[in-house]
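**Q**
2 protein chains.
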Amino acid sequence: MSQLLKVQNFSVSTDGYGAGEGQSLERPFGHADPRQMAGWMFATASFPGRPGPGGTRGLDDHLVRDFHHGIGAEIMGANKFSPHRGPWTERDVERWQGWWGDEPPFHTPVFVMTHHLRPSFTLSDTTFHFTDAPPAAVAEQAKAAAGGLDVRLGGGAQSIRSFLEADLVDELHVAVVPLELGAGTRLWTSAEDLDDRFHREVVPSPSGVVHHLLWRR
Amino acid sequence: MSQLLKVQNFSVSTDGYGAGEGQSLERPFGHADPRQMAGWMFATASFPGRPGPGGTRGLDDHLVRDFHHGIGAEIMGANKFSPHRGPWTERDVERWQGWWGDEPPFHTPVFVMTHHLRPSFTLSDTTFHFTDAPPAAVAEQAKAAAGGLDVRLGGGAQSIRSFLEADLVDELHVAVVPLELGAGTRLWTSAEDLDDRFHREVVPSPSGVVHHLLWRR
Numbered sequence: 113m114s115q116l117l118k119v120q121n122f123s124v125s126t127d128g129y130g131a132g133e134g135q136s137l138e139r140p141f142g143h144a145d146p147r148q149m150a151g152w153m154f155a156t157a158s159f160p161g162r163p164g165p166g167g168t169r170g171l172d173d174h175l176v177r178d179f180h181h182g183i184g185a186e187i188m189g190a191n192k193f194s195p196h197r198g199p200w201t202e203r204d205v206e207r208w209q210g211w212w213g214d215e216p217p218f219h220t221p222v223f224v225m226t227h228h229l230r231p232s233f234t235l236s237d238t239t240f241h242f243t244d245a246p247p248a249a250v251a252e253q254a255k256a257a258a259g260g261l262d263v264r265l266g267g268g269a270q271s272i273r274s275f276l277e278a279d280l281v282d283e284l285h286v287a288v289v290p291l292e293l294g295a296g297t298r299l300w301t302s303a304e305d306l307d308d309r310f311h312r313e314v315v316p317s318p319s320g321v322v323h324h325l326l327w328r329r
Numbered sequence: 113m114s115q116l117l118k119v120q121n122f123s124v125s126t127d128g129y130g131a132g133e134g135q136s137l138e139r140p141f142g143h144a145d146p147r148q149m150a151g152w153m154f155a156t157a158s159f160p161g162r163p164g165p166g167g168t169r170g171l172d173d174h175l176v177r178d179f180h181h182g183i184g185a186e187i188m189g190a191n192k193f194s195p196h197r198g199p200w201t202e203r204d205v206e207r208w209q210g211w212w213g214d215e216p217p218f219h220t221p222v223f224v225m226t227h228h229l230r231p232s233f234t235l236s237d238t239t240f241h242f243t244d245a246p247p248a249a250v251a252e253q254a255k256a257a258a259g260g261l262d263v264r265l266g267g268g269a270q271s272i273r274s275f276l277e278a279d280l281v282d283e284l285h286v287a288v289v290p291l292e293l294g295a296g297t298r299l300w301t302s303a304e305d306l307d308d309r310f311h312r313e314v315v316p317s318p319s320g321v322v323h324h325l326l327w328r329r
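Residue numbers (this note's numbering), protein chains in the order written: chain H, 113 to 329; chain C, 113 to 329.
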């Protein structure tokens, strides 16, 4: 197992949703509050978007630190890339280059899975490619582009599920946040869903989130 | 705080000892069994000395992964470098180049604190330097050599204590292993000893060790 396909720092609600309903430009996580879903990461010293020094250096931080470590490519679903639905017009393409500004936190090739293709583009040291290939083919493309390093599967929940169904995921770190969403995009009904195929450690953090660390049996 | 001085993956017994009594070539941890002290690391996929694939990818592994991450130099005490006591003869110097064989796991400059100096030497991409300077001066040397990266303080317990006394440590990860030693080189009487100066999270691992994650207040 030389190159792994990994899910890192993926937050879900206690009822297993990775995002709420009704994603839009103003509400990238739908009716879920991003500060509630991802706040545990924002508080850490190693969060890539941290504006200045400070931040915690405990368990949450040790997990967030792993984000860039040995990663050579990212795969993400269309809804992680944008709230846009349907085909891209030329004007859409000009206006939308992801949520992350001029310095996306990936620093690698990124493969966006979508039925609505558009040309690749580069922001700083991140290049976004668009592909409508199935998970196994995208995993292969991403591994080839990763220069021997691991591949991060960035989400959302629907993309992770499709990779799990195709048995392409080697390792997952899922953070369960103390929040019920009731609806949205679901990763799992229960964390135990994956116990037949993955080892799983459950590690409660002092911050209130519960980390689930899974790796292939 | 651009460059940190960090203690990583340092194992102590429940009564706070980093090593037992009577270190020798055959017993690098004195009367403490290295497999009991460091076994939690040996089991992980990311342990630098792992002979082949496999290993766990849970909490212990996520902490061990951090070992090389952003580290540009290591500082260690004389007893971590060797069981040798007293001045080095030319023959000793020829015969002893550390415990780690031809490929030491550091891959950076290493500063060995000792009253018994000997010439610097290089094995693969690790260069060992020997210094009798006090902790503050060694920390400065190591930071200058680290190329902007962090510095690892590798131990043993006595060296870590001397750096703590001089208030030079920014972060510590200490793994308390379920084993009482009764005697040896002590890191602390109780983990609470440092609570006036450090935040501390206590994270029990499914493996049986309890991780203490400390960072400066």
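In this text, a Cβ means the ideal position worked out from N, Cα and C, and glycines have one as well.
If you measure between the beta carbons of Gly268 of chain C and Ala131 of chain C, is that distance less than 8 Å?
**A** For the purposes of this step, residue 268 of chain C is identified with residue 156 of the second sequence, where counting begins at 1. For the purposes of this step, residue 131 of chain C is identified with residue 19 of the second sequence, where counting begins at 1. Yes, Cβ-Cβ distance for Gly268 of chain C and Ala131 of chain C is below 8 Å.
**Q** When Cβ atoms are compared, which residues of the stretch 141-173 of chain C fall closer than 7 Å to chain H?
**A** Pro165, Arg169, Gly170, Leu171
**Q** For a minimum of 3 consecutive residues, which ranges assigned as the beta strand (DSSP E) are wholly contained in the stretch 145-209 of chain H?
**A** 183-189
**Q** Of all Cβ atoms in chain C, is any one closer than 8 Å to the Cβ of Pro290 of chain H?
**A** Residue mapping note: residue 290 of chain H aligns to position 178 of the first sequence, counting from 1. With 8 Å as the cut-off, Pro290 of chain H does not count as an interface residue toward chain C.
**Q** If you follow the beta strand (DSSP E) that Val124 of chain C is in, where does it begin and where does it stop?
**A** Within the second sequence, the letter at position 12 stands for residue 124 of chain C. Where Val124 of chain C is concerned, the enclosing beta strand (DSSP E) stretches over 117-125.
**Q** Looking at the strands, I want to know which residues DSSP matches up with Trp300 of chain C.
**A** Counting from 1 along the second sequence, the entry for residue 300 of chain C is found at position 188. Answer by DSSP bridge pairing: none, since Trp300 of chain C is not bridged.
**Q** So, does the CB of Val315 of chain C fall closer than 8 Å to a CB anywhere in chain H?
**A** One-based indexing of the second sequence puts residue 315 of chain C at position 203. Chain H contact via Cβ: present.
**Q** List the residues of chain H whose Cβ lies closer than 7 Å to the Cβ of Glu283 of chain C, in chain order.
**A** Here residue 283 of chain C refers to the residue found at position 171 of the second sequence. Those within 7 Å of Glu283 of chain C in chain H are Arg169.
**Q** For Arg177 of chain H and chain C, any beta-carbon pair shorter than 8 Å?
**A** Position 65 of the first sequence holds residue 177 of chain H. Cβ-Cβ to chain C under 8 Å: yes for Arg177 of chain H.
**Q** Would you mind stating whether His174 of chain C and Asp204 of chain H have Cβ atoms separated by less than 8 Å?
**A** The sequence position of residue 174 of chain C within the second sequence is 62, counting from 1. The sequence position of residue 204 of chain H within the first sequence is 92, counting from 1. Going by C-beta atoms, His174 of chain C is not nearer than 8 Å to Asp204 of chain H.
**Q** Measure the alpha-carbon distance for Met225 of chain C versus Ala190 of chain C and round it to whole angstroms.
**A** For the purposes of this step, residue 225 of chain C is taken as the residue at position 113 of the second sequence. For the purposes of this step, residue 190 of chain C is taken as the residue at position 78 of the second sequence. Near 6 Å, if we compare the C-alpha coordinates of Ala190 of chain C and Met225 of chain C.
**Q** How long is the line joining the alpha carbons of Trp152 of chain C and Pro199 of chain C, rounded to whole angstroms?
**A** Stepping through the second sequence from its first residue, residue 152 of chain C is reached at position 40. Stepping through the second sequence from its first residue, residue 199 of chain C is reached at position 87. The alpha-carbon atoms of Trp152 of chain C and Pro199 of chain C are separated by roughly 35 Å.
**Q** For Leu325 of chain C, decide whether its Cβ has a neighbour in chain H, counting only Cβ atoms nearer than 8 Å.
**A** Working through the second sequence from its first residue, we reach residue 325 of chain C at position 213. With 8 Å as the cut-off, Leu325 of chain C counts as an interface residue toward chain H.
**Q** Bridge partners for Trp327 of chain C per DSSP, in chain order?
**A** Within the second sequence, the letter at position 215 stands for residue 327 of chain C. Answer is C:Glu283, C:His311.
**Q** Throw me the rounded Cβ distance for the Glu206 of chain C and Gly266 of chain C pair, which I believe falls under 8 Å.
**A** Residue 206 of chain C sits at position 94 when you count from the first residue of the second sequence. Residue 266 of chain C sits at position 154 when you count from the first residue of the second sequence. That pair is no contact at about 24 Å.
**Q** What is the rounded straight-line gap between the Cα of Ser114 of chain C and the Cα of Asp127 of chain H?
**A** Residue 114 of chain C sits at position 2 when you count from the first residue of the second sequence. Residue 127 of chain H sits at position 15 when you count from the first residue of the first sequence. If I take the Cα positions, the gap works out to 40 Å.
**Q** Go ahead and pull the three-state DSSP assignment for Asp214 of chain H.
**A** Along the first sequence, read from residue 1 onward, the residue named residue 214 of chain H stands at position 102. Of the three classes helix, strand and coil, the one that applies to Asp214 of chain H here is coil, per DSSP.
**Q** Assign Leu276 of chain H to one of three DSSP states: helix, strand, or coil.
**A** Reading the first sequence from its first residue, position 164 is the one you call residue 276 of chain H. It is helical.
**Q** Is the Cβ of Pro318 of chain H closer than 8 Å to any Cβ of chain C?
**A** Along the first sequence, read from residue 1 onward, the residue named residue 318 of chain H stands at position 206. With 8 Å as the cut-off, Pro318 of chain H counts as an interface residue toward chain C.
**Q** Looking at chain C, is there any beta carbon in it that lies within less than 8 Å of the beta carbon of His228 of chain H?
**A** Residue numbering aside, residue 228 of chain H sits at position 116 when the first sequence is read from its first letter. No, its Cβ sits nowhere closer than 8 Å to a Cβ of chain C.
**Q** When the distance is taken between beta carbons, is Phe223 of chain H closer than 8 Å to Thr238 of chain H?
**A** Taking the first residue of the first sequence as 1, we reach residue 238 of chain H at position 126. Taking the first residue of the first sequence as 1, we reach residue 223 of chain H at position 111. No.
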